[in-house]
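Position in the sequence shown (first residue = 1) + 19 = this note's numbering.
Where a beta carbon is used, it is the ideal one built from N, C-alpha and C, also for glycine.
Following: one structure in structure tokens, then a few remarks.
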Amino acid sequence: ANRLAHHLRSLGVGPEVRVGLCIPRSLEMLVGLWGILKAGGAYVPLDPRHPRERLAWVIGDARPHLVVTVAGLAAGLEPVHGRLVCLDGDEGAGAADESPRSGVAADGLAYVLYTSGSTGFPKGVMVPHRGLVNYLAWCCREYAVADGAGAPVGSPLGFDLTVTSLFAPLLAGRTVELLEEPDGPEGLAGALRHRTGLSLVKVTPLHLELLARSLPGEEAAGRTHAFVIGGEALNAETLAFWRSHARGTRLINEYGPTETVVGCCFYEVPAGFPHEGPVPIGRPVANTRLYVVDPWLHPVIDGVPGELLIAGDGVTRGYLGRPDLTAERFVPDPWSGMPGARLYRSGDLTRRGADGNLEFLGRIDHQLKIRGFRIEPAEIEAAFLRHPEIREAVVTAGAGGDGHKHLVAYFVPRRQPAPPAAELRSFLGRELPEHMVPGVLIPLPALPLNANGKLDRAALAAIPETDRLRSEQPFVAPRTAAEKILAAIWCEILRVEEVGVHDNFFDLGGDSILSIQIVSRANQAGIPLAPRDLFRHQTIAALAAVEGAAKLAAEQGEVVGELPLVPIQHRFFAAEPAAPHHFNQAVLLGLRRPVPWATLEAAMRRLAGHHDALRLRFQGAARQWRQVCAASGQTPPGTRLDLSALPPARRGAEVERAAAAMQGGLSLGGPLGRWGYFDVGPGDFPRLLLIFHHLVIDGVSWRILLQDLEALCDPQEPQAALPPKTTSFKTWAEGLVERSRSAPPQDGLRFWLAEEGREAMPLPVDFVAGPNSVASADSWRMTLGEEETRLLLQAVPRVYQARIDDVLLTALAQVCASWTGCPSLWVDLEGHGRDALPDVDVSRTVGWFTAVYPVRLELAGGMEPAAALLSIQEQLRALPDRGTSHGLLLFLHNDEGIRRRLDALPRPQVVFNYLGQFDQILGESSLFIPVGESAGATRAPEQERWHLLEVTGLVVGGCLQITWTYSRNRHSKKTVEGLGQAYMAAVRSLLDRCRQGAAPLLDLPAACEGEDLERALENVEFEV
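This is how it looks when you write it as structure tokens:
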């Protein structure tokens, strides 16, 4: 956090500077939070689970100087000003460790929290340090936080009750447990089961009630010293379970709007409190005054209802950029005696009881509290009116049979029939957070009016919710395993006899409470869902297709049968390789400890059964090939060699001889893998050779296989369960075909067809002495020093706001332009390709996903290094779909004419691939260790190479290695060495500015930068 703070200060963060914070609940979130505060800045929470449109609106309104995030979220952010700082990048790594002087003042800004707005848009509450410190100091003292073991944190950072559970324990020197997302009672219940003596648990009444359902009575006592309950009105009935089973636990009702820093008054429920009725909100916290007034702001006597006014140190600075609304709600404090003092008009109706405690009676206006969230109906109504088919809309609160409130929307469509419920909810889900999407939609021909021509809310309330808008989809019975499981759960929870896969959850009577119960049951059944999933995917058909449901319910069984070729496989067969069976990837590794042969055999058998691609078989000839996934049971054959009797000097050579012999032994008819175990005697590591045909594996897959193999070889857990499978390679391949034919990527089509008619300058060759074959291939490698590599990895992103491969490609374009005399270079780029389908998880799927796509890079003559880099960056940013759409269009598009036009584009003679930091693949504690022997030739010597030059970048041992692979039948070693040396000189010229400690050169649009930062992390694949 200190290093981040120093880095942020170097970027201009300080007192009164707002900084967005968009990170899931994690250690990185805490680092970002403390780093912003230590720098003197004010954090603006941005919930990454909110719709992109809402995030964009909040960012546009808050106008943060920059946004602190992680690379995986960067693409979804659209900062209006400033830039993105990704915590999982290298920025700030060299900053100082000591805590900086923040320079903040008591009235300085600490954070800006967005709440629902009556204008139709959320409004940002500006919270100063004075109010935050006042509340936390009181909280730590009153709740005796230091006497307990800390608190769990299971709510969003943008929900102000999180201030209590997150900040108070840390300030008291106690721990916080960050619960895994999504939010919900299951995670909180789990935290309570394995913890005792917590300082406090901060919850809404709804969560407290759900916790009571999740914990047996005998497990309730002693879990926490106190439940601090806030967010909405509290009834005594909600406390019954805890008063009975956790008698020593304090039950505290805390009240306070965001505008007065979390809590301004509290009431501790005494032992003799009635078991029915509302719980008071109590008395003020430290340095706070509460007044109950009439409409003219005159205090009323005890027992008379009135509006609650809040004064004291907790009153915030008002609404960001809204002086009109601030003046309306934050009014002069006539009782303070302090010049300029203000108090806050809460809009809450309260009365003071005879014992001096305040009672909450409801809202004076129409603001609602649902599931602990304060909601302005006007914001939802405004979202409705942005739908082109809606004329009028009114949103109110309804009550379910269990007494819990939910949102009801009455709307008048512009024409009949009304838009379908699913369409409306989908539209609202893109505009609003899930808790603001109404569960009940009721269409009306007109809104009811009273005699004065005003909206008749009483008439609205009299309309039965059975008049809700229902789905018009025909009944379709559940078909898949996931659909059948979910349908059974829905029938039980919703108490209906049957459910069709297109029936809408809310049309069947579902609400937020029932959604939590359904999610809990689905998780128990092995389908991991989050509460938000039911709001986003409201039918069983849609829900079963959600990442979690699809991968765990539909993909866990054995996958067999034919599947279409994916683009990279099409590319392989289209090249008509001379020896298609010999095109492998392989690793030869040492084992830090011997592994029994039987253990390895069992592990290989389980790997082949678990990872479907390892059972692929290929049939055909010429370009007519098909692939089939065979049933499990066929294990890749293994070879065991005991070389311990050989002289030590011969053992390495014998390993290489055996490996070379095994490389050519695969058959496309299967199996497409082999492995070998070599005992090289005492004092040295046993060798393990793994060979798989490239058709079934890629660099990402090796990471997965090696992790799984290590787990299966663990002597402590011989029957270890492998992690659940993600989307199968078969489903992925079918999805690519569906996408290419039903919704071909038009941006990609326009991008590559725009290159028609352009010619590529052939690369100069020294001679033609034979075929450009694998047998003729040779390599030349040059290494960048450790200090220069550190500059490349750490300083380049800061100074140039560029990716590492931007720099390496710029150098390549410069060198080739000088070599060929042509300003443009056609180059094939490689990416992992696993992002070609949105919302599909293949993070643990083995297969060949690689995307290869051509790019034309052009540089004007005489450009300075920095200008050249900027030009290349802009050209790479113009790539649609990160290049993945090229293969879809070239090999899978329905229109043969389109395929021919794309095939006629210039074919690059250079391929470039930056493989990232190899040091991070095998950890120091791994079972596997690199060894010096060769794994053998992975490709047949007669195989024709796809390119004249292959340029590969890899960081090993902290140093960048650039390898140039060429054909001795086309280029001399001298030519390639000259290219390589010129290339390194170009890289070093780009590093010169970094050596000088220069300030950032560019101020690129942050939205573009975010997408590219994400791409930089995802686009790393290694080949061995």
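- In this structure, residue 87 sits near residue 106, with a CB-CB distance shorter than 8 Å.
- It is roughly 36 Å from the alpha-carbon of residue 47 to the alpha-carbon of residue 525.
- With 16 or more other Cβ atoms inside 10 Å of its own Cβ, residue 399 counts as buried.
- Note on residue 646: 16 or more other CB atoms within 10 angstroms of its CB, so buried under the neighbour-count rule.
- DSSP places residue 843 inside the beta strand (DSSP E), whose first and last residues are 843-850.
- A buried status is given to residue 791, since no fewer than 16 other beta-carbon atoms sit within 10 Å of its beta-carbon.
- Annotation for residue 323: 370 place their beta carbon closer than 7 Å to its own, counting only its chain and skipping 5 residues before and after.
- By the Cβ-count criterion, residue 494 is exposed, with fewer than 16 other Cβ atoms from all chains shown falling within 10 Å of its own Cβ.
- Secondary structure at residue 445: helix, using DSSP grouped into helix, strand and coil.
- Unbroken alpha helix (DSSP H) runs of no fewer than 4 residues, entirely contained in the stretch 659-737, are found at 667-682 and 718-731, following chain order.
- Shown here for residue 520: same chain residues with a beta carbon closer than 8 Å to its own, the five before and five after excluded, namely 495, 496, 497, 498, 502, 506, 558, 559, 560 and 563 in chain order.
- Measuring C-alpha to C-alpha distances from residue 172 to each of 194, 198 and 148 identifies 198 as the nearest.
- In the DSSP assignment, residue 644 falls outside any alpha helix (DSSP H) and lies within the beta strand (DSSP E) extending over 643-648.
- With at least 16 other beta carbons inside 10 angstroms of its own, residue 623 counts as buried.
- The Cβ atoms of residue 372 and residue 321 lie closer than 8 Å to each other.
- Following the DSSP letters along the chain, one finds residue 142 inside the beta strand (DSSP E) bounded by residues 142-147.
- Take residue 536, set aside five residues on each side of it, and the residues of its chain with a beta-carbon closer than 8 Å to its own are 512, in chain order.
- Residue burial is scored here from C-beta neighbours: residue 244 has at least 16 other C-beta atoms within 10 angstroms and is therefore classed as buried.
- Runs of the alpha helix (DSSP H) lying entirely within the stretch 853-900, each at least 4 residues long, are 884-896 in chain order.
- Within a 10 Å sphere around the beta-carbon of residue 747 sit 16 or more other beta-carbons, which makes this residue buried.
- Residue 425 is bridged by DSSP to 417.
- Around the Cβ of residue 181, a 10 Å sphere holds 16 or more other Cβ atoms; the residue is buried.
- Between residue 875 and residue 963, the C-beta spacing is not below 8 Å.
- Between residue 279 and residue 251 the beta-carbon gap is near 16 Å, outside 8 Å, which marks them as no contact.
- Under DSSP, residue 346 forms no beta bridge with any residue.
- With respect to the C-alpha of residue 110, the residue from 89, 718 and 958 having the closest C-alpha is 89.
- Within the DSSP secondary-structure output, residue 381 pairs in a beta bridge with 368.
- Partner residues in the beta bridge of residue 221, as assigned by DSSP, are 247.
- Under the three-state reduction of DSSP, residue 78 is assigned to helix.
- Under the DSSP assignment, residue 171 falls in the beta strand (DSSP E) whose first and last residues are 170-172.
- Selection 298, 293 and 277 evaluated against residue 285 yields 298 as nearest (Cα-Cα).
- Each residue's CA atom was taken as its position, placing residue 804 and residue 657 some 41 Å apart.
- Excluding sequence positions up to five before and after residue 174, its CB lies within less than 8 Å of the CB of 180, 181, 184, 202 and 221, all in the same chain and listed in chain order.
- Put simply, the backbone Cα of residue 235 is about 11 Å away from that of residue 261.
- Nearest in C-alpha terms to residue 848, of all of 329, 28, 927 and 630, is 927.
- By the C-beta density criterion, residue 150 is buried, having at least 16 other C-beta atoms within 10 angstroms.
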